[in-house]
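Inspection log for the structure reproduced underneath, given as structure tokens.
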Amino acid sequence: MSVNSLDAMSEQYYDVLKEIGNIGAGNAMTALSQMLNCKVDMKVPQVKLLEFKDVATLMGGEEQILVGVFLGVEGDITGSMMFLIELEAAKHLIGKLMGMEIQPGELGEMETSAMKEVSNIITGAYLNSLSTLTNMMIYPSVPFLAVDMAAAILSVPAIQFGMVGDKILLIQSQFSDDIDIDGFFVLMPDLESYDKILKSLGIVS
Amino acid sequence: MAEVIKVGMADLKTCKSPDSITTLGLGSCVGVAIVDKVNRIGGLAHVMLPDSTVMKENTNIAKFADTGVVELVKQMEKLGAVRNRMVAKIAGGAQMFSFDSKSSLMRVGERNAEACREVLKKLGIPILAEDCGENYGRTVVFYPETGVYEIRTVGKGTKTI
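Residue numbers (the working numbering), protein chains in the order written: chain A, 13 to 217; chain B, -19 to 141.
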């Protein structure tokens, strides 16, 4: 079997992705909590298969300003992944990490670099879970960061998913320390990597 | 009262002056705006991928430059627009994450814009102006009444073409 459309994806595969999402996001939050040296409460992550038009709504509207971190995935599977978070929430996290208040407006060089570090840890923990579950080697590339309108940033994963359908698969992870924060993970394996993931999980032989 | 018609991602709509038509937060996608200069019938397509023929999954014709722009023109003609009076403006096609990559996924903005130019050329519709490329998102509003295409960005100001 090959996966040509996410809609046609088996229930079983969807469940597996959900599980990977749960564990991955859970690990990511643990890593975040360690880094910030504080308790981070986390809700059970939600795996969502959404129409393009509903994705931006989930993130506060098309023009909501988000920080998007994009990184390539290499190793036994190839593709890319993204971590998205609202700009204000990102500033809160960076502020905590740097032990200072972040000024309003755009992110400076230091803040951008700190945000990349936060993302590295979060996405690294996520990919680590995927790697453990599938027993595959999975390495992240260096992260790239963009601060822009939600829809514009989302066009990147949407285009990737657009090649196989009209929906996007994402994992919403809500957590809170002093404020509530919504983080979103999007894993975008290349087409041939879907099969590899399925095989490694024993769903197809 | 003039309405503002909203076009979603991988979607297309038509409108009649004095209504205007918008799509929010174009990233690597391209917003193709077309108007019949005489009767002021306009349309906007939010194109996501360049070529439907290389895709297995191509049921949503609005998603692709080749099929989407053709369909938009067809729908405008149904409303009474005439092909040889049509002119176009295009915006978007950014590379949201600015790094050097030969990966086709990363260059998709550029390829989208190129595919839109090609299909408009094939249809014989001239492009009057464009604002494509760079690395930032664009919200666009098209006014068939004046033919003005307004482009808003985060931190890069607003302009009209």
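By construction, the Cβ of each residue, glycine as well, lies at the ideal position given by its N, Cα and C atoms.
Around the beta carbon of asparagine 49 of chain A, fewer than 16 other beta carbons sit within 10 angstroms, so the residue counts as exposed. Approximately 7 angstroms separates the beta-carbon atoms of aspartate 88 of chain A and lysine 208 of chain A; this is inside 8 angstroms, confirming the contact. Contact between proline 169 of chain A and methionine 112 of chain A is absent: CB atoms are separated by about 32 angstroms, not below the 8 angstroms threshold. The residue among A/Lys179, A/Met161, A/Met149, A/Lys128 with its C-alpha nearest the C-alpha of proline 155 of chain A is A/Lys128. If you draw a straight line from the Cα of tyrosine 151 of chain A to the Cα of isoleucine 193 of chain A, it comes to about 26 angstroms. According to DSSP, tyrosine 151 of chain A shares a beta bridge with A/Glu86. Counting only residues of its own chain and dropping the five nearest sequence neighbours on each side, proline 201 of chain A has a CB closer than 7 angstroms to the CB of Ile89, Gly91, Ile209.
Under the DSSP assignment, serine 92 of chain A falls in the beta strand (DSSP E) whose first and last residues are 91 to 98.
Secondary structure of tyrosine 116 of chain B (DSSP, three-state): coil.
When C-beta distances to chain A are compared with 9 angstroms, the residues of the stretch 109 to 121 of chain B below that value are Asn115, Tyr116, Gly117, Arg118, Thr119, in chain order.
Per the coordinates, the alpha-carbon of isoleucine 70 of chain B lies some 29 angstroms from the alpha-carbon of leucine 181 of chain A. At a cut-off of 8 angstroms between C-beta atoms, cysteine 96 of chain B does not count as an interface residue with respect to chain A.
Its chain contains Leu24, Lys69, Phe122, Tyr129 as the residues whose beta carbon lies nearer than 6 angstroms to that of alanine 13 of chain B, once the 5 sequence neighbours on both sides are disregarded; these appear in chain order. Glycine 33 of chain A carries a helical assignment under DSSP once its states are collapsed to helix, strand and coil.
Counting along the chain, methionine 66 of chain B sits inside no alpha helix (DSSP H); it lies in the beta strand (DSSP E) bounded by residues 66 to 72. Against chain B, a Cβ distance below 7 angstroms from aspartate 178 of chain A picks out Ala(-10), Asn40.
In the structure shown, alanine -18 of chain B falls within a coil segment according to DSSP collapsed to helix, strand and coil. Under the Cβ criterion (8 angstroms, minimum of three pairs), the stretch 95 to 109 of chain B does not count as touching the stretch -12 to -5 of chain B. Neighbours of glutamate 90 of chain B in chain A, taken as residues at a C-beta separation under 8 angstroms, are lacking, since the least C-beta distance is about 12 angstroms.
Counting only Cβ-Cβ distances below 7 angstroms, phenylalanine 82 of chain A has contacts in chain B at Phe77, in chain order. Counting only runs of 3 or more residues that sit fully inside the stretch 3 to 27 of chain B, the beta strand (DSSP E) segments are 10 to 16, 21 to 27, in chain order.
One finds Gly174 in chain A with Cβ atoms closer than 7 angstroms to the Cβ of lysine 43 of chain B, taken in chain order. Among the bridge pairs identified by DSSP, phenylalanine 197 of chain A is matched with A/Phe95, A/Ile183. Where valine 159 of chain A is concerned, there is no enclosing alpha helix (DSSP H), although the beta strand (DSSP E) around it starts and stops at 156 to 161. By the neighbour-count criterion, in which a residue is buried when 16 or more other Cβ atoms sit within 10 angstroms of its Cβ, glutamate 74 of chain A is buried. No Cβ of chain B is located within less than 8 angstroms of the beta carbon of glutamate 204 of chain A. Near chain B, meaning a CB-to-CB distance below 8 angstroms, the residues of the stretch 59 to 71 of chain A are Phe64, Lys65, Ala68. Across the structure, threonine 3 of chain B and lysine 65 of chain A are spaced so that their CA atoms are roughly 11 angstroms apart. If you look at valine 50 of chain B, you'll find it in the alpha helix (DSSP H) that goes 45 to 58.
Contact between the stretch 117 to 128 of chain A and the stretch 29 to 41 of chain A is absent: fewer than 3 CB-CB pairs across the two stretches fall below 8 angstroms.
Looking from the CA of isoleucine 105 of chain B, the closest CA among B/Leu6, B/Val67, B/Val50 belongs to B/Val67. Straight through space, the alpha carbons of glycine 72 of chain B and isoleucine 165 of chain A are spaced by roughly 12 angstroms. The C-beta of methionine 56 of chain B comes no closer than 8 angstroms to any C-beta of chain A. Comparing alpha-carbon positions, the option among B/Phe44, B/Lys(-14), B/Asp(-1) lying closest to asparagine 19 of chain B turns out to be B/Asp(-1). Phenylalanine 122 of chain B is bridged by DSSP to B/Ile1, B/Tyr129. In this structure, isoleucine 21 of chain B lies near alanine 61 of chain B, with their beta-carbon atoms less than 8 angstroms apart.
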